Amino acid sequence: MNYTSSDIRELEKRAVDVRANILEMLPPGKVGHLGGSASAADIAAALYFKHMRVYGDPKDPRRDRCIFSKGHAVLAQYACLVELGYFDRSELGKLKTLNGILQGHPDNRLTPGIEAVTGSLGQGLSISVGMALGLRLAGNSARIFCVIGDGELAEGQIWEAAMAASAYGCDNVCAILDLNGVQATGRTEEVFPIRDIREKWDAFGWHTAEIDGHDMGQILWALEEAGCVRGKPSMIIAHTIKGKGFVFAENRACFHNGSMTETQYRQAVDMVNAMRMEA
Numbered sequence: 032m033n034y035t036s037s038d039i040r041e042l043e044k045r046a047v048d049v050r051a052n053i054l055e056m057l058p059p060g061k062v063g064h065l066g067g068s069a070s071a072a073d074i075a076a077a078l079y080f081k082h083m084r085v086y087g088d089p090k091d092p093r094r095d096r097c098i099f100s101k102g103h104a105v106l107a108q109y110a111c112l113v114e115l116g117y118f119d120r121s122e123l124g125k126l127k128t129l130n131g132i133l134q135g136h137p138d139n140r141l142t143p144g145i146e147a148v149t150g151s152l153g154q155g156l157s158i159s160v161g162m163a164l165g166l167r168l169a170g171n172s173a174r175i176f177c178v179i180g181d182g183e184l185a186e187g188q189i190w191e192a193a194m195a196a197s198a199y200g201c202d203n204v205c206a207i208l209d210l211n212g213v214q215a216t217g218r219t220e221e222v223f224p225i226r227d228i229r230e231k232w233d234a235f236g237w238h239t240a241e242i243d244g245h246d247m248g249q250i251l252w253a254l255e256e257a258g259c260v261r262g263k264p265s266m267i268i269a270h271t272i273k274g275k276g277f278v279f280a281e282n283r284a285c286f287h288n289g290s291m292t293e294t295q296y297r298q299a300v301d302m303v304n305a306m307r308m309e310a
């Protein structure tokens, strides 16, 4: 599919909406995963508002499935689902409360549009492979998109799932690596360095692409290319910035799971408004 410049601009505006919705969930003083949600915002916008098959019914069997294996970044997913009308906007303000349907990690029992319980890192890709095999057995052409984190690559289960997806030729699986370089306690290079990432996924038998995860044109191109691959799963390595769009949070581990001050929150709102002016 050829995307026009107006398609790109529209999705860039959608990505700004995603970041604005994330802020609505994280008022001053509320602890939450701003950094990893913001780094995945452009990817989520491309998936939900252009590339994936989504329908009014979140349980429509024809739908493509999106699994956030890095479940702590589910705010980016909620920010898209509310725009699709899957739940009322008032739920954003009830994030992580007992009377709300949006928890700190994904829960498919509570939230329409969430496909699995994730957040125990390393498990989402295995879930995705299992779903993909089930869809294939059912003759269902739906695809599975799995967003994983770079810190998550330290989990052995990721690599077991990578071998299984390749062994069973799961070409209906597309994983997207949110490679923002920062995890909960510091830079991934310092905490648990995993080098030659593309070469590793190539060696495991995956089709690979490497992109700027904040360039909407590159995101769409990689997703379209992955959809044309037959006989093997696809991995899109997306180079991103932790906390992208919120300068005070960018590349800072303290915003992996932290809170904003009143001043920082006002700055964040100003930054979103500036992004809207530019989009």
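Numbering-wise (the numbering used here), the sequence shown opens with residue 32 and increments by one. Even glycine gets a Cβ: it sits at the ideal position worked out from N, Cα and C. If you're wondering where the values come from, they're calculated on a predicted model, not measured in any experiment.
The residue from PRO92, GLU255, ALA69 with its alpha-carbon nearest to that of ALA169 is PRO92. Looking at the DSSP output, CYS201 sits in no beta bridge, so it has no partner there. For the pair VAL49 and CYS111, the CB atoms are nearer than the 8 Å cut-off. In the displayed model, ILE39 falls within a helix according to three-state DSSP. The shortest C-alpha to C-alpha distance from ALA195 to any of GLY161, GLU186, CYS177 is the one to GLY161. DSSP, reduced to helix, strand and coil, places ASP119 outside both helices and strands of the structure shown, so it counts as coil. Taken in chain order, the complete beta strand (DSSP E) segments of 3 residues or longer contained in the segment 84–156 are 96–99. Bounds of the beta strand (DSSP E) holding ASP243 are 238–243. The secondary-structure analysis by DSSP pairs HIS270 across a beta bridge with LEU210, ASP243.
The segment 117–136 and the segment 197–215 do not touch, with fewer than 3 CB-CB distances between them shorter than 8 Å. When Cβ pairs closer than 8 Å are counted between the two stretches, the segment 265–274 is seen not to touch the segment 50–60, the count staying below three.
The beta carbon of LEU42 lies closer than 7 Å to those of ALA76, ALA77, PHE80, LYS81, MET247 in the same chain, with the five residues before and after it left out. Between the C-alpha atoms of GLY66 and GLU281 there is a straight-line separation of about 7 Å. Under the criterion of beta carbons closer than 8 Å, ALA198 and ARG96 do not qualify as touching, at roughly 21 Å.
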